[in-house]
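Enquirer: Numbering (my numbering), first residue to last: 100 to 390. Beta carbons are placed, not taken as given, at the ideal position from N, Cα and C, and that holds for glycine. It should be emphasised that the depicted structure is a prediction, and the values quoted were computed from it without experimental measurement. Structure in structure tokens, see below.
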Amino acid sequence: MNKTILVIIDGCRSDGLEQAKTPNIDYMIENGTHTLKAQTVTPSITLPAHFSIFTSLPPTVHNVLANTVSPDPSSTARSIIDVAKDFGKTTAAFYSWEHLRNLSAPGSLDHSYFINSGSIENLDLEVAQAAAGCLKSCCPDFCFIYLEGTDIAGHRSGFMSTEYLDAIETADTALGIILNELKKVNPSNRHSIILHSDHGGIDHHHTENTPEVMTVPWIAFGPEVRQKHIITDKVNIIDTAPTLAGLMDIPSHYTWQGRAISEIFKPNVFEMVQPEFLRSEFDCDHFAYCN
């Protein structure tokens, strides 16, 4: 069974990756597929961007337009977590920003871990350790891991500051914790990982429509992913959920507007991915996600 992990490094600029020392991310790039030119959505702030990542919809459609504690998403928005659960997958999420609890419907997560980021040193390392423990004991089919330290450092000291680059390196160390655990629990190497950011940043914020804010790294790694490949097609963060679905061998939800990045898959793999479910072709009573 194909298992997938989504790692989001909040506020990580592509040129930040190039300047920081990131051996684990470099390993994923060298042995996977990537682009440093993926684009985020407008508004380029954390909760709207995450809803776009998970529901494959722009903010104007999923209706989450601010970092609100009580978002009111569109009734048609359906998260990759919910869809994975509909198809019998086990799911998990590890995060340090409580607003992200709204990314899936109640009951869709089998395992979740929240740590308050208020005054935690080495926050991302604690989140990664918790996720590694779950990967060892539960081995969920879909796992979301959120690393917040880069965004905190960007707002506090400035994006591309020394503290910010140090935070990227800490996020890389956190990724190393995950990769090392996967080597122990999954010797057959059936896990695929997508790692990217929700937005970049400039000065101390990320609200401007500039390349520094809108451009993010997007990396795929795993047994079905091409190696040493640079994506030539355009990539947007709304393409993440359909690509994750493809890696899990489940269909995309009919409301999703993004597309699976077929370029990341090894030859003959993408053709085996099931087609999207279209509302007109199926009796919705048989599928929990139909509205």
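Buried or exposed for V411, please, with buried defined as at least 16 other CB atoms from any protein chain shown within 10 angstroms of its CB.
Expert: Missing from the structure shown is residue 411; the chain here goes from 100 to 390 and no further.
Enquirer: Between the C-alpha atoms of T339 and I277, what's the straight-line distance to the nearest angstrom?
Expert: One-based indexing of the sequence shown puts residue 339 at position 240. One-based indexing of the sequence shown puts residue 277 at position 178. When the Cα atoms are used, T339 and I277 turn out to be separated by approximately 20 Å.
Enquirer: Apply the 10 Å Cβ neighbour rule to R112 and answer buried if 16 or more other Cβ atoms are within range, or exposed otherwise.
Expert: Your numbering for residue 112 matches position 13 in the sequence shown. Buried is the call here.
Enquirer: F150 and H161: beta carbons closer than 7 Å?
Expert: The sequence position of residue 150 within the sequence shown is 51, counting from 1. The sequence position of residue 161 within the sequence shown is 62, counting from 1. The Cβ atoms of F150 and H161 lie closer than 7 Å to each other.
Enquirer: In the DSSP assignment, the beta strand (DSSP E) including L105 goes from what residue to what residue?
Expert: One-based indexing of the sequence shown puts residue 105 at position 6. 102 to 108 is the extent of the beta strand (DSSP E) around L105.
Enquirer: Run the CB neighbour count on L165, radius 10 Å, all protein chains shown included, and call it buried at 16 or more, exposed below.
Expert: Stepping through the sequence shown from its first residue, residue 165 is reached at position 66. The sequence as given places Ala at residue 165; Leu does not occur at that position. Counting Cβ neighbours within 10 Å, A165 comes out exposed, since fewer than 16 surround it.
Enquirer: CB A229 to CB Y245, shorter than 7 Å?
Expert: The residue you call residue 229 lines up with position 130 of the sequence shown. The residue you call residue 245 lines up with position 146 of the sequence shown. Taking 7 Å as the Cβ cut-off, A229 and Y245 do not qualify as a contacting pair.
Enquirer: Could you tell me the alpha carbon to alpha carbon distance between P322 and E268, rounded to whole angstroms?
Expert: Counted from its first residue, the sequence shown places residue 322 at position 223. Counted from its first residue, the sequence shown places residue 268 at position 169. In a straight line, the C-alpha of P322 is about 25 Å away from that of E268.
Enquirer: Determine whether the beta carbon atoms of G300 and G110 lie at a separation below 7 Å.
Expert: Residue 300 sits at position 201 when you count from the first residue of the sequence shown. Residue 110 sits at position 11 when you count from the first residue of the sequence shown. Yes.
Enquirer: Using beta-carbon positions only, say whether K153 and I179 come within less than 7 Å of one another.
Expert: Position 54 of the sequence shown, counted from the start, is the residue given in the question as residue 153. Position 80 of the sequence shown, counted from the start, is the residue given in the question as residue 179. This sequence places Phe at residue 153; Lys is not what is there. Going by C-beta atoms, F153 is nearer than 7 Å to I179.
Enquirer: In whole angstroms, what is the alpha-carbon distance linking A344 and S351?
Expert: Position 245 of the sequence shown, counted from the first residue, corresponds to residue 344. Position 252 of the sequence shown, counted from the first residue, corresponds to residue 351. Distance between the alpha carbons of A344 and S351 is about 6 Å.
Enquirer: Let me know the secondary structure DSSP gives I349 once reduced to three states.
Expert: Counted from its first residue, the sequence shown places residue 349 at position 250. In this structure, I349 counts as coil in the three-state DSSP scheme.
Enquirer: Are the beta-carbon atoms belonging to A273 and D348 less than 7 Å from one another?
Expert: For the purposes of this step, residue 273 is taken as residue 174 along the sequence shown, with counting starting at 1. For the purposes of this step, residue 348 is taken as residue 249 along the sequence shown, with counting starting at 1. No; because the gap between Cβ atoms is not below 7 Å, this pair is not in contact.
Enquirer: State buried or exposed for S291, treating a residue as buried only when at least 16 other CB atoms are found within 10 Å of its CB.
Expert: Residue 291 sits at position 192 when you count from the first residue of the sequence shown. Buried is the call here.
Enquirer: What are the uninterrupted segments assigned as alpha helix (DSSP H) that are 4 or more residues long and contained completely in the region 220 to 248, given in chain order?
Expert: Complete alpha helix (DSSP H) runs here, min 4: 222 to 236.
Enquirer: Quick check: the region 302 to 322 against the region 130 to 147, are there 3 or more CB pairs under 8 Å?
Expert: Below 8 Å, enough C-beta pairs join the region 302 to 322 and the region 130 to 147 to call them touching: three or more.
Enquirer: Kindly identify the DSSP beta-bridge partner or partners of F213.
Expert: Within the sequence shown, numbered from 1, the residue matching residue 213 stands at position 114. Paired residue(s): Y194.
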